[in-house]
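Chemist: As you go down the protein sequences, you meet chains A and B in turn.
Counting from 1, position 185 in the first sequence corresponds to residue 185 in my numbering; the numbering is continuous, with no gaps.
Counting from 1, position 100 in the second sequence corresponds to residue 1100 in my numbering; the numbering is continuous, with no gaps.
The beta-carbon is built from N, C-alpha and C at its ideal position, and this holds for glycine as well.
Quantities reported herein were computed from a predicted structural model and do not represent experimental measurements.
Right, I'll just put the structure down here and ask away after.
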Amino acid sequence: MGMTMIEKILARAAGRDHVDVGEFVVCEVDMTVLIDLQFATLWASPTRIADPDRLAVIMDHAVPAPSIADADGGVRARAFVTQHGIERFFDVGRHGICHQVIAENGLARPGEILTCTDSHTCAGGAYNNAARGLGPIEVYSIMCTGKTWFQVAPTLRYELVGEKPTVVTGKDIFLHIAGTYGDATNHNLELGGLGLASVPMNDRRTIATQGAEISADFTTFPVDDLCREFLEARSDRPLEPVDPDPDAGYAAVREVDLSTLEPYVARPGGVANNAIPISEVEQRPVNQCFIGSCANGQIEDLRIAADMLRGQKVAPGVRLIVTPASQAVYTEAVRAGYVEAIAESGAIVTNSTCGACFGYHMGVLGAGEVCLTASTRNFRGRMGSPDAEIYMASPYTVAAAAIAGHIVDPRKVAIS
Amino acid sequence: MNDIIEGRAWVFGDSVDTDNMYPGFAMKLPVGEAAKHVFYDLRPGWTDEVQAGDIVIAGKNFGIGSSRPVAQLFKHLGVAALVADEFNSLFLRNSINFGLPALTIPGVTAAINDQDHVRLDVRAATIERPSDGVRLTGSPLPEFVLEIIEQGGLLPKLVADGYIPTDPAQIHGSGQELSA
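Listed below in structure tokens is the structure:
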């Protein structure tokens, strides 16, 4: 039997012709990314590392440091990169959420493996990369040894057909999949099909990022013309993408007709079997709206926010927080006038960081509050109090709610 | 690590996520303080009741969510092993890599009740309730994974291989697992 996309990448990295579902393989890791939390929580300066050229250090979760512990982590990170000659160091000011910085710098390359201490590392799958999050001690170990092991999981194939409507984003496509099919625990996701041409790279990354929310191992996309164009602008080496074999074996093949989708909303407590079309969701009043994170802090997300908010006002009693995914996104949004349009509406545009997405700083929710978020995760307590309710939707839907003061179909709010 | 672990079972449901075990606010605290907030919302007060040697059992998709090292907190509390109908793979690896046995045994939450005294065979991936002989078998972990658990996780191995200074005091945030 042939191999799926992810099986081919794992086989290549393991130096094998073929791998089967269920097998354990030891793989060389092409790129490993350390984040600020690693240095703030579990850290010892290593005596030696596998390869400084296969390592990047990115400051993202807690910047600028909101606590002395985080600041001390920064001290350790800077000492480490100096000692070991790490060139790919993205310190505060040239930083961003690691998955955004990985994308901007072409660190997740087709056919290769990338690991990082953040569960949304699967974002790199948008670029035909086997990317996944691992625990802090495992990432530390890979930094030292250059390799780790994987068990080959069965793959679920999503065949995209039809053309995506403009107001339907990667978030809505993902929430449709999560709401319809539920968890994909111990499975890989593979997306492709003729409909993919209508899904821009930013939306593919939103989908790949959120694979973690249905518990998938890896989420991968093929390299088509759009992806090739994106990657060639960020790469100095030839690309070696993988495509699935025609006779690859899948646990299931599911078709998604993009042309029939509408905006989706996930209700509080997770996305699996918990996301529904906007036409069916309750119009809850909201206290906080958030557009940001590795899933939705991309420049296209800020453009959507600016287009929705230009000439409008955030409703009284609502806080809208917009967090660019990187310093590069932030500066581009300033140049394009997005920051002006967003800020003049009464929203807050913050510096780039993971921030409110993980309930750590810059937008923590209080008890009894309702939030509509375009970020990664809506577990109970994720963004602050366990007695807050977190709905999830696209940047269109979040911006519309910020203007209306309650959850509303963005197609019913005029875009200036 | 002993292959046989006996202890009291704490049984939880499906899709217990990492925010339930290692909430964002606890990430600002040292391991010993953070450990006081495990299941803070799901089962308030649990960390006062759990005792060294207890076993945490959960349903499907156990540990969906972050890479936060929940296993460090469990080890600090003295939890001896995790068992689930099904694990999220990141959470499973995180547990193994901190030297905490984690066994996948489908049907475990249907068969075992909260507070039952149970006996695990880590190598054979079995759970047994001695009081009535109920016994379930899961999928055994491969030998190289068992070795990671036996040596106490990846940290002692990295120390032994000379990647990390041997002085535990130089390992920031390592909690107790290095000496365990």
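Can you give, in chain order, each stretch of the beta strand (DSSP E) that sits fully within the stretch 96–179 of chain A and has at least 3 residues?
Modeler: List check, beta strand (DSSP E) in window: 113–116, 130–133, 147–151, 155–161.
Chemist: Run through DSSP, which three-state label would B/H1117 get?
Modeler: Taking the first residue of the second sequence as 1, we reach residue 1117 of chain B at position 117. Correct three-state label for B/H1117: strand.
Chemist: Are A/D118 and A/G74 closer than 8 Å when you measure CB to CB?
Modeler: For the purposes of this step, residue 118 of chain A is taken as residue 118 along the first sequence, with counting starting at 1. For the purposes of this step, residue 74 of chain A is taken as residue 74 along the first sequence, with counting starting at 1. The answer is no: Cβ separation not under 8 Å.
Chemist: In chain A, which residues lie with their C-beta within 9 Å of the C-beta of B/H1172?
Modeler: Stepping through the second sequence from its first residue, residue 1172 of chain B is reached at position 172. Chain A residues near B/H1172: F39, A40, T41, L42, W43, A44, D72, G73, R76.
Chemist: Short check: CB of A/Y391 to CB of A/I403, under 8 Å?
Modeler: As a working mapping, residue 391 of chain A is identified with position 391 in the first sequence. As a working mapping, residue 403 of chain A is identified with position 403 in the first sequence. No; because the gap between Cβ atoms is not below 8 Å, this pair is not in contact.
Chemist: For A/R319, does the three-state DSSP call read helix, strand or coil?
Modeler: Counted from its first residue, the first sequence places residue 319 of chain A at position 319. A/R319 falls in the strand class under three-state DSSP.
Chemist: Residue range of the alpha helix (DSSP H) that A/A248 falls in?
Modeler: Here the question's residue 248 of chain A lines up with position 248 in the first sequence. Per DSSP, A/A248 belongs to no alpha helix (DSSP H) and is neither H nor E.
Chemist: Which residues in chain B sit within 7 Å of A/F358, going by Cβ to Cβ distance?
Modeler: Here the question's residue 358 of chain A lines up with position 358 in the first sequence. Residues of chain B passing the Cβ test: G1024.
Chemist: Please classify A/D51 as buried or exposed, where buried requires at least 16 neighbouring CB atoms within 10 angstroms.
Modeler: Position 51 of the first sequence holds residue 51 of chain A. Exposed, by the Cβ-count rule.
Chemist: Closer than 7 Å: is that where the CB of A/E232 sits relative to any heavy atom of the ligand GTP?
Modeler: No copy of the ligand GTP appears in this structure; indeed no ligand is present at all.
Chemist: Measure the C-alpha to C-alpha separation of A/A86 and A/V33 and round it to an integer number of angstroms.
Modeler: Here residue 86 of chain A is taken as the residue at index 86 of the first sequence, counted from 1. Here residue 33 of chain A is taken as the residue at index 33 of the first sequence, counted from 1. Just to set this straight, residue 86 of chain A is Ile in the shown sequence, not Ala. Between A/I86 and A/V33, the C-alpha separation is close to 11 Å.
Chemist: Pull up the distance between the alpha-carbon of A/T185 and that of B/F1087, whole angstroms please.
Modeler: Locating residue 185 of chain A in the first sequence gives position 185, counting from the first residue. Locating residue 1087 of chain B in the second sequence gives position 87, counting from the first residue. Computed Cα separation, rounded: 8 Å.
Chemist: Could you name the residues of chain B that A/A69 contacts, counting a contact when the two beta carbons are closer than 7 Å?
Modeler: On the first sequence, residue 69 of chain A is found 69 positions in, with the first residue counted as 1. Correct list: K1028.
Chemist: With 9 Å as the C-beta to C-beta threshold (strictly closer), list the residues of the stretch 368–396 of chain A near chain B in chain order.
Modeler: Answer set for the stretch 368–396 of chain A: R377, F379, R380, G381, R382, M383, G384, P386, D387.
Chemist: In terms of residue numbering, what span does the beta strand (DSSP E) encompassing A/I35 cover?
Modeler: In the first sequence, counting from the first residue as 1, residue 35 of chain A sits at position 35. Here the beta strand (DSSP E) through A/I35 covers 31–35.
Chemist: Look at the alpha carbon of A/V265 and the alpha carbon of A/T145, and state the distance between them as a whole number of angstroms.
Modeler: For this step, residue 265 of chain A is matched to residue 265 along the first sequence. For this step, residue 145 of chain A is matched to residue 145 along the first sequence. Their Cα atoms are separated by approximately 43 Å.
Chemist: Please tell me whether B/S1179 has its Cβ less than 8 Å away from any Cβ of chain A.
Modeler: The residue given as residue 1179 of chain B occupies position 179 in the second sequence. Low local confidence applies: a pLDDT of 34 at B/S1179 is under 50, so the model's placement there is unreliable, with the coordinate-based value given in what follows. Closer than 8 Å: no.
Chemist: Mapping the DSSP letters down to three states, classify A/A400 as helix, strand or coil.
Modeler: Position 400 of the first sequence, counted from the start, is the residue given in the question as residue 400 of chain A. It is helical.
Chemist: Could you spell out where the alpha helix (DSSP H) holding B/P1156 opens and where it closes?
Modeler: In the second sequence, residue 1156 of chain B corresponds to position 156, counting from 1. Note, B/P1156: alpha helix (DSSP H), 1154–1160.
Chemist: Should A/A333 be labelled buried (16 or more other beta-carbon atoms within 10 Å of its own) or exposed?
Modeler: The residue you call residue 333 of chain A lines up with position 333 of the first sequence. Under this definition A/A333 is a buried residue.
Chemist: Are there 16 or more other CB atoms within 10 angstroms of the CB of A/D257, so buried, or fewer, so exposed?
Modeler: To locate residue 257 of chain A, count along the first sequence from 1; it is residue 257. That one is exposed.
Chemist: Using 8 Å as the limit for Cβ to Cβ distance, is B/L1090 near chain A?
Modeler: Walking along the second sequence from the start, residue 1090 of chain B turns up at place 90. Closer than 8 Å to some Cβ of chain A, the Cβ of B/L1090 qualifies, so yes.
Chemist: What are the boundary residues of the alpha helix (DSSP H) that A/C294 is part of?
Modeler: The count along the first sequence starts at 1 and reaches residue 294 of chain A at position 294. Note, A/C294: alpha helix (DSSP H), 293–296.
Chemist: Which residues of chain B have a Cβ atom closer than 8 Å to the Cβ of A/S293, listed in chain order?
Modeler: As a working mapping, residue 293 of chain A is identified with position 293 in the first sequence. Here the premise fails: no neighbours, minimum Cβ distance about 13 Å.
Chemist: In chain order, what residues of the same chain lie with their CB nearer than 6 Å to the CB of A/H176, ignoring the 5 residues before and after it?
Modeler: Start at 1 with the first residue of the first sequence, and residue 176 of chain A comes out as number 176. These residues qualify, in order along the chain: L261, Y264.
Chemist: Mind checking which residues open and close the alpha helix (DSSP H) that includes B/W1010?
Modeler: Locating residue 1010 of chain B in the second sequence gives position 10, where the first residue counts as 1. Careful: B/W1010 lies outside any alpha helix (DSSP H), inside the beta strand (DSSP E) at 1004–1011.
Chemist: Would the beta-carbon of A/A216 fall within 8 Å of that of A/L189?
Modeler: Mapped onto the first sequence, residue 216 of chain A falls at position 216. Mapped onto the first sequence, residue 189 of chain A falls at position 189. Result yes, Cβ atoms of A/A216 and A/L189 sit closer than 8 Å.
Chemist: With distances taken between CB atoms, is the gap from B/W1010 to B/D1048 smaller than 8 Å?
Modeler: One-based indexing of the second sequence puts residue 1010 of chain B at position 10. One-based indexing of the second sequence puts residue 1048 of chain B at position 48. It is not a contact, given that the beta carbons lie outside the stated cut-off.
Chemist: Can you find the residues in the same chain that come closer than 6 Å, C-beta to C-beta, to A/L191, ignoring five residues on each side of it along the sequence?
Modeler: For the purposes of this step, residue 191 of chain A is taken as residue 191 along the first sequence, with counting starting at 1. Contacts found: Y158, F221.
Chemist: Are any of the Cβ atoms in chain B nearer than 8 Å to that of A/G270?
Modeler: Here residue 270 of chain A refers to the residue found at position 270 when the first sequence is read from its first residue. Closer than 8 Å: yes.
Chemist: Quick one: is B/D986 near chain A, going by C-beta distance under 8 Å?
Modeler: Outside the displayed range of chain B (1001 to 1180) lies residue 986 of chain B, so it cannot be described from this structure.
Chemist: Assign A/F89 to one of three DSSP states: helix, strand, or coil.
Modeler: Locating residue 89 of chain A in the first sequence gives position 89, counting from the first residue. DSSP places A/F89 in strand when its eight states are reduced to three.
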